[in-house]
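Structure first, commentary second.
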Amino acid sequence: MTESAVSGQVLLPDLPGAAPVDEAVLFAFDDWAFPFQNHAQTHLIPGVNPSYVLRPGPEGSHDENLIYYGTTIRIGGTLHMWYCGSWGPLNQHPNFPPAGCSLCYANSADGVNWEKPDLGLVEFNGSKHNNIVDFPIEGFWAAHGILYEPDEPDPERRFKMAYEVIRPGTQRSRRTALFHVAFSPDGLRWTTSAKNPVGPFLEMTGITKRNGFYYVNGQANLTGHHPGLARRLATFVSADFETWSPFGANGLDRSQNLIGPSVEADAHQYEEVHLGAALWNRGNVILGIYGQWHGHPTGDRRMVTIDLGLAISHDAIHFQEPIPGFRFIPTREQPESPWGVGPALMQGQGMENLGGQTLYWYSLWRGPSGSGVRMVSWERDRLGMLKPFNPREPRAISCPVQVTAGEANVYVNACGLNQYSRLRVGLLDEGFRMIPGYSGADAAVVSEDGLRIPLRWQSGRSLRPSFGRVRLDVQFEGIRPEDCRLHAIYVGDSSANV
Numbered sequence: 008m009t010e011s012a013v014s015g016q017v018l019l020p021d022l023p024g025a026a027p028v029d030e031a032v033l034f035a036f037d038d039w040a041f042p043f044q045n046h047a048q049t050h051l052i053p054g055v056n057p058s059y060v061l062r063p064g065p066e067g068s069h070d071e072n073l074i075y076y077g078t079t080i081r082i083g084g085t086l087h088m089w090y091c092g093s094w095g096p097l098n099q100h101p102n103f104p105p106a107g108c109s110l111c112y113a114n115s116a117d118g119v120n121w122e123k124p125d126l127g128l129v130e131f132n133g134s135k136h137n138n139i140v141d142f143p144i145e146g147f148w149a150a151h152g153i154l155y156e157p158d159e160p161d162p163e164r165r166f167k168m169a170y171e172v173i174r175p176g177t178q179r180s181r182r183t184a185l186f187h188v189a190f191s192p193d194g195l196r197w198t199t200s201a202k203n204p205v206g207p208f209l210e211m212t213g214i215t216k217r218n219g220f221y222y223v224n225g226q227a228n229l230t231g232h233h234p235g236l237a238r239r240l241a242t243f244v245s246a247d248f249e250t251w252s253p254f255g256a257n258g259l260d261r262s263q264n265l266i267g268p269s270v271e272a273d274a275h276q277y278e279e280v281h282l283g284a285a286l287w288n289r290g291n292v293i294l295g296i297y298g299q300w301h302g303h304p305t306g307d308r309r310m311v312t313i314d315l316g317l318a319i320s321h322d323a324i325h326f327q328e329p330i331p332g333f334r335f336i337p338t339r340e341q342p343e344s345p346w347g348v349g350p351a352l353m354q355g356q357g358m359e360n361l362g363g364q365t366l367y368w369y370s371l372w373r374g375p376s377g378s379g380v381r382m383v384s385w386e387r388d389r390l391g392m393l394k395p396f397n398p399r400e401p402r403a404i405s406c407p408v409q410v411t412a413g414e415a416n417v418y419v420n421a422c423g424l425n426q427y428s429r430l431r432v433g434l435l436d437e438g439f440r441m442i443p444g445y446s447g448a449d450a451a452v453v454s455e456d457g458l459r460i461p462l463r464w465q466s467g468r469s470l471r472p473s474f475g476r477v478r479l480d481v482q483f484e485g486i487r488p489e490d491c492r493l494h495a496i497y498v499g500d501s502s503a504n505v
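Quick look at the structure:
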């Protein structure tokens with residue numbers, strides 16, 4: 008069977024929320040994917056080349072303050088971005104729009120060069136020549152997340168949005184900013200749900216669908232778990248996008264257990280999760296970019312700094328950090344960041360593989376005229392790695408992998424390989440016994456760098472249901488095994504991760 012013809016279903020049965028996928032992605036920095044490690048260490052790679060890709064409009068325009076809080080989705084060969092625009096002088100908190108927010112749209116072919124198209128949908132200052140989306144919601148606040156479902160049977164609901172609304176005539180607070188949803192056939196013309204508000208306070212960032220359920224997460228002061236004003240990642244779940252869990256599930260908490268009658272005095276002082284986590288659903292695993300709120304002992308929000316961290320989930324509810332506290336996208340030295348306040352970043356929903364790169368869009372949390380949109384990049388899926396720290400038999404063994412239908416090829420994303428350093432990838436059964444023809448001397452050997460290197464064992468290249476549950480056994484070999492860097496292994500359809 009040729010590579011292009013291979014098509015199967017792959018299951019990682021030991022992982023939470025396991026379900027068959029066209030292709031399973033085993034990131035090397037995910038210790039659920041590679042729970043058994045010897046003399047190999049997890050590394051994460053910070054995003055590089057921060058650059059400004061979308062700037063605010065001119066003074067007096069609908070997006071003279073560009074507050075991203077947005078979503079980026081690739082559909083076919085086009086990237087679609089929704090962001091929040093506002094107008095007027097900024098108030099004392101530069102990340103808060105001074106007047107009403109407008110939901111705006113931009114598109115791009117490469118993620119770097121963006122266009123604000125003339126949509127002609129909404130009048131602003133006497134003209135419809137702008138990129139404002141038809142979403143006339145009084146009290147719309149910047150926080151929102153958009154999901155695209157091409158297979159949705161109702162064409163009017165193929166785009167779904169969760170967003171925050173402040174009750175008219177009130178100040179923004181946990182009691183007045185509520186969880187709402189809306190639907191659209193094209194992402195440009197929106198209809199709100201008759202059931203709004205559908206939930207309590209939630210300043211959302213992440214949105215995805217998994218195993219038939221919708222998940223929206225964000226920043227919430229939970230009524231359960233433990234008291235205190237700390238920001239935590241809370242996830243709400245729905246089967247139909249309109250009836251949601253009555254309160255959120257605590258998915259990631261970096262705060263201290265704040266107790267006592269004077270918790271108001273302790274606000275903004277500790278390590279917290281800002282705005283939940285923006286989600287990248289890779290089928291069997293979800294990557295989350297979350298805000299690392301670093302409080303100040305005074306509680307003064309002007310002194311707060313925010314980096315962006317990386318968390319992983321296998322069920323869209325519970326998250327863990329591959330390296331706790333690692334600054335995945337550091338806030339320091341961002342282009343055109345303001346002086347006089349603590350540097351702080353704000354994550355956005357949407358991360359994409361485009362060609363040989365992984366791209367991510369985000370913004371400053373506060374800055375002159377809003378912050379605009381920035382982008383960082385990595386080599387494709389090289390967000391982290393397993394790397395030997397001792398040359399004595401460095402090795403990693405995966406969780407069980409099962410092909411449930413059809414056939415599946417296996418590919419490796421690795422670098423640092425040459426005549427002196429190589430990977431030997433064998434197959435073990437679930438009980439760690441070597442499988443003849445696929446292990447030892449018959450294992451696949453990789454000695455050249457590549458983003459997607461196909462493996463071939465002595466007995467073949469495809470995995471089939473008859474194999475049952477198997478484990479991938481990765482051995483770092485050669486005179487300099489410490490030079491090997493394993494980034495990911497893909498099991499499944501060769502076209503699934505394009």
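Numbering (my numbering), first residue to last: 8 to 505.
Here a beta-carbon is modelled for each residue, glycine too, at the ideal position from N, C-alpha and C.
Give a yes or no on whether the C-beta atoms belonging to Leu185 and Phe220 are separated by under 8 Å. For this step, residue 185 is matched to residue 178 along the sequence shown. For this step, residue 220 is matched to residue 213 along the sequence shown. Their beta carbons are not under 8 Å apart, which means Leu185 does not touch Phe220 by this criterion.
Applying the criterion that 16 or more other CB atoms from any shown protein chain within 10 Å of the CB defines a buried residue, is Ala169 buried or exposed? Indexing the sequence shown from 1 puts residue 169 at position 162. A residue is called buried when at least 16 other Cβ atoms come within 10 angstroms of its Cβ; Ala169 meets this threshold and is buried.
Quick check: Phe36 and Pro329, are their CB atoms within less than 8 Å of each other? Numbered from its first residue, the sequence shown carries residue 36 at position 29. Numbered from its first residue, the sequence shown carries residue 329 at position 322. Taking a C-beta distance under 8 Å as the contact criterion, Phe36 and Pro329 qualify as a contact pair.
Just to confirm before moving on: does the CB-CB distance between His3 and Pro27 stay below 8 Å? Past the boundaries of the shown model lies residue 3; the chain is included only from 8 to 505, so the question cannot be answered.
Would you kindly work out how many angstroms separate the C-alpha atoms of Gly483 and Ala47, rounded to a whole number? Here residue 483 is taken as the residue at index 476 of the sequence shown, counted from 1. Here residue 47 is taken as the residue at index 40 of the sequence shown, counted from 1. Reading off the sequence, residue 483 comes out as Phe, not Gly. When rounded, the distance between both Cα atoms is 9 Å.
His69 and Trp89 closer than 8 Å at C-beta: Working through the sequence shown from its first residue, we reach residue 69 at position 62. Working through the sequence shown from its first residue, we reach residue 89 at position 82. No, Cβ-Cβ distance for His69 and Trp89 is not below 8 Å.
DSSP beta-bridge partners of Val408: Stepping through the sequence shown from its first residue, residue 408 is reached at position 401. DSSP links Val408 through a beta bridge to Val477.
Tell me the rounded alpha-carbon separation between Ala256 and Ala448. The residue you call residue 256 lines up with position 249 of the sequence shown. The residue you call residue 448 lines up with position 441 of the sequence shown. Each residue's Cα considered, the two are about 48 Å apart.
Is His100 buried or exposed, if buried means 16 or more other CB atoms sit within 10 Å of its CB? Against the sequence shown, residue 100 aligns to sequence position 93. Confidence is the limiting factor: at His100 the pLDDT is only 46, short of 50, which leaves the residue's position unreliable and the question unanswerable from this model.
Does the Cβ-Cβ distance between Ala415 and Gly433 come in under 8 Å? In the sequence shown, residue 415 corresponds to position 408, counting from 1. In the sequence shown, residue 433 corresponds to position 426, counting from 1. No, these two residues do not count as a Cβ contact at 8 Å.
Inter-residue spacing [alpha-carbon to alpha-carbon] between His151 and Glu71: In the sequence shown, the residue the question calls residue 151 occupies position 144. In the sequence shown, the residue the question calls residue 71 occupies position 64. Rounded to whole angstroms, His151 to Glu71 spans 19 Å at the Cα level.
To the nearest angstrom, how far is it from the Cα of Ile173 to the Cα of Glu210? Taking the sequence shown and counting its residues from 1, the one referred to as residue 173 is at position 166. Taking the sequence shown and counting its residues from 1, the one referred to as residue 210 is at position 203. Rounded to whole angstroms, Ile173 to Glu210 spans 11 Å at the Cα level.
So what does DSSP say about Gly316, is it helix, strand or coil? Looking up residue 316 in the sequence shown gives position 309. Strand.
For Trp39, which option in Glu30, Asp29, Ala25, Ile52 has the closest C-alpha, if you only look at C-alpha atoms? Residue numbering aside, residue 39 sits at position 32 when the sequence shown is read from its first letter. Looking at the Cα atoms, Ala25 is the closest of the given residues.
Quick one: what does DSSP say Pro472 is sitting in, helix, strand or coil? On the sequence shown, residue 472 is found 465 positions in, with the first residue counted as 1. In this structure, DSSP gives Pro472 a helical state, which the three-state scheme calls helix.
Please name the residue, chosen from His301, Gly362, Tyr277, that lies closest to Gly84 on a Cα-to-Cα basis. In the sequence shown, residue 84 corresponds to position 77, counting from 1. For the residues His301, Gly362, Tyr277, the minimum Cα distance to Gly84 belongs to Gly362.
For Arg389, does the count of other Cβ atoms within 10 angstroms reach 16, so buried, or fall short, so exposed? Here residue 389 refers to the residue found at position 382 when the sequence shown is read from its first residue. When all chains shown are included, Arg389 counts as buried.
With DSSP as the reference, identify every bridge partner of Met168, one or two as the case may be. The count along the sequence shown starts at 1 and reaches residue 168 at position 161. DSSP lists Ile153, Ala189 as partners of Met168.
Residues near Ser115 in its chain [Cβ-Cβ closer than 6 Å; skip 5 each side]: On the sequence shown, residue 115 is found 108 positions in, with the first residue counted as 1. If we look at Ser115 and ignore the five residues flanking it on each side, its Cβ neighbours are Leu86, Trp121.
Neighbour-count burial assignment, Gln16, 16 or more Cβ in a 10 Å radius: On the sequence shown, residue 16 is found 9 positions in, with the first residue counted as 1. Under a 10 Å Cβ-count criterion, Gln16 is classified as buried, with 16 or more other Cβ atoms of the shown protein chains found around its own Cβ.
Spatial neighbours of Phe396 within its chain, please: CB distance less than 8 Å, with the 5 preceding and 5 following residues excluded, ordered by chain position. Here the question's residue 396 lines up with position 389 in the sequence shown. Residues of the same chain with a CB within less than 8 Å of the CB of Phe396, apart from the 5 flanking positions on each side, are His46, Ala47, Gln48, Glu489 in chain order.
In whole angstroms, what separates the C-alpha of Val410 from that of Phe333? Stepping through the sequence shown from its first residue, residue 410 is reached at position 403. Stepping through the sequence shown from its first residue, residue 333 is reached at position 326. Within the model, the alpha-carbon separation for Val410 versus Phe333 is close to 34 Å.
Glu359 beta carbon less than 8 Å from that of Gly118: Here the question's residue 118 lines up with position 111 in the sequence shown. Here the question's residue 359 lines up with position 352 in the sequence shown. Cβ atoms of Gly118 and Glu359: closer than 8 Å.
Alpha carbons only, please: which of Leu462, Gly295, Pro162, Arg492 is nearest the one belonging to Ala318? Along the sequence shown, read from residue 1 onward, the residue named residue 318 stands at position 311. Taking Ala318 as reference, the option from Leu462, Gly295, Pro162, Arg492 with the minimal CA-CA separation is Gly295.
With DSSP run on the structure shown, which of helix, strand or coil describes Arg492? Sequence index remark: in the sequence shown, residue 492 carries index 485 (1-based). It is a strand residue.
May I have the straight-line CA-CA distance separating Thr198 from Ile74, to the nearest angstrom? Counting from one through the sequence shown, the residue named residue 198 turns up at place 191. Counting from one through the sequence shown, the residue named residue 74 turns up at place 67. Those two C-alpha atoms are separated by around 23 Å.
Closest by CA to Gly475, which one among Pro461, Arg440, Ile460? For this step, residue 475 is matched to residue 468 along the sequence shown. When only C-alpha atoms are compared, the closest one is Arg440.
What does the Cβ neighbour count give for Glu400, buried or exposed, with the cut at 16 atoms within 10 Å? Along the sequence shown, one-based indexing puts residue 400 at 393. Glu400 counts as exposed, since fewer than 16 other C-beta atoms from the protein chains shown sit within 10 angstroms of its C-beta.
Three-state secondary structure (DSSP) at Gly349? Here residue 349 refers to the residue found at position 342 of the sequence shown. In this structure, Gly349 counts as coil in the three-state DSSP scheme.
Using only the alpha-carbon positions, how far apart do Pro105 and Gly67 sit? The residue given as residue 105 occupies position 98 in the sequence shown. The residue given as residue 67 occupies position 60 in the sequence shown. With a pLDDT of 48 at Pro105, under the threshold of 50, the modelled position of that residue is not reliable, and no figure is offered here.
Skipping 5 residues on each side, what residues in its chain have a beta carbon closer than 7 Å to that of Ile82? Working through the sequence shown from its first residue, we reach residue 82 at position 75. The residues are Tyr155.
Once DSSP output is grouped into helix, strand and coil, what is the label at Arg463? The count along the sequence shown starts at 1 and reaches residue 463 at position 456. In the three-state scheme derived from DSSP, where H, G and I count as helix and E and B as strand, Arg463 is classed as coil.
For Gly64 and Gly379, I'd like the C-alpha separation in whole angstroms. Here residue 64 is taken as the residue at index 57 of the sequence shown, counted from 1. Here residue 379 is taken as the residue at index 372 of the sequence shown, counted from 1. Each residue's Cα considered, the two are about 9 Å apart.
Taking C-alpha atoms, which residue in Ser428, Ala237, Leu458, Gln465 lies nearest to Gly444? In the sequence shown, the residue the question calls residue 444 occupies position 437. The option with the nearest alpha carbon to Gly444 is Gln465.
Output needed for Tyr277: all residues of its chain with C-beta closer than 7 Å, excluding positions within five of it in sequence on either side, in chain order. Locating residue 277 in the sequence shown gives position 270, counting from the first residue. Residues Ala237, Ser262, Gln263, Gly302 of the same chain have their beta carbon placed closer than 7 Å to that of Tyr277, with the five preceding and five following residues left out of the count.
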